[in-house]
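Asks: Residues 56 to 314 (our numbering) make up the sequence shown, in order. Even for Gly, the Cβ is constructed at its ideal location relative to N, Cα and C.
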Amino acid sequence: MAEDLVLYEVSNRIATITLNRVDKRNALNPDLINLLTETFLKAGEDDEVKVVILKGNGPSFSAGADLAYLQKIQGNSHEENLTDSNNLRKLYTAIYYLPKVVIAQVEGHAIAGGCGLATVCDIIFAVPEANFGYTEVKLGFVPAIVSCFLMRKTSETIAKRILLTGDLFSAEKALEYNLITYVTKKEVINQTVNDFAINLCNNTSANSLMVTKQLINETTNPFLEKSLDMAVQINARVRESNDFKNGIGAFLKREEIKW
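(1) Apart from the five residues on each side of it in sequence, which residues of its chain come closer than 8 Å, Cβ to Cβ, to P85?
(2) Assess, as a yes-or-no matter, whether the region 128-136 is touched by the region 72-81 under the definition of 3 or more beta carbon pairs within less than 8 Å.
(3) In terms of DSSP beta bridges, what is E64 paired with?
(4) Could I get the ranges of all uninterrupted beta strand (DSSP E) runs contained in the region 168-242, with 3 residues as the minimum, in chain order?
(5) With DSSP collapsed to three states, give me the class of S246.
(6) If G163 and G111 are in contact, beta carbons under 8 Å, what's the gap, nearest whole angstrom?
(7) Would you tell me roughly how many angstroms separate the C-alpha atoms of A214 and D177, rounded to the nearest one?
(8) Thinking C-beta only, is V157 closer than 9 Å to V106?
(9) Would V192 and G221 qualify as a contact pair, given that the criterion is a beta-carbon distance under 9 Å?
(10) So what's K300 in DSSP terms, helix, strand or just coil?
(11) Quick one: measure Cβ to Cβ for F95 and L153, integer angstroms, because I've assumed they're closer than 8 Å.
(12) Taking A53 as the reference, give the member of G195, I69, Y147 and N89 with the closest Cα.
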């Protein structure tokens, strides 16, 4: 069932949203993207929820785009690509603007769109073994939408380094780049994240958290919506390029991509 792709649980004023496509390494496809958006909006409107934790079942946090989805979008029309791009934007902005604190608990690799998913969260805990990376350029694609958020978390120099190379990097590097907040050992990350969330619930005002998050977002990213409008158009247009079609085609056939 589609709803099994995302699990939702509330306990002690903490909502836990869990990616549950274990067999696909929690790879993103339209169903998962739309369901995640709905679930975050549900948590945002839930009066019993003060803090949200996002995590993934299985060994990966999220491996990026689903292979079947990549195969399908090679034949998409421009309008279909725009719709897809806007849906990803809706997911990222649902998390970014959510009136609750969102904590990412990254216990496996977060790649491409999966890395973007972690990037837009307010606080990010990761295990030392987790790798991060925006690998889009290696497939002829562009990390357009997530770049609008990443640029406010790290410097232009680092953003160019990780977006233009598409290389994977460790949790320790992600911490050094200001992409994540904490590196926490796997055996204690559940307790550490839960303790952090409970501390917010017990010692801070929900209204103050909401307004402070809004203040930070609006003062550090005042032109976000304009940037996202441009990014959605770029995202859709690049999907129609020969480089994208050749890169995805070779990737799906497990062939070496010759640029």
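Replies: The relevant details are as follows:
(1) Y124, D139 and N142
(2) no
(3) T71
(4) 178-181 and 186-188
(5) Checking the sequence shown, residue 246 turns out to be Gln, not Ser. Helix.
(6) 6 Å
(7) 18 Å
(8) yes
(9) Remark: C-beta atoms of V192 and G221 approach each other more closely than 9 Å.
(10) helix
(11) Right, their Cβ atoms sit about 6 Å apart.
(12) Because the chain in this structure spans residues 56 to 314, residue 53 falls outside the shown range and cannot be described.
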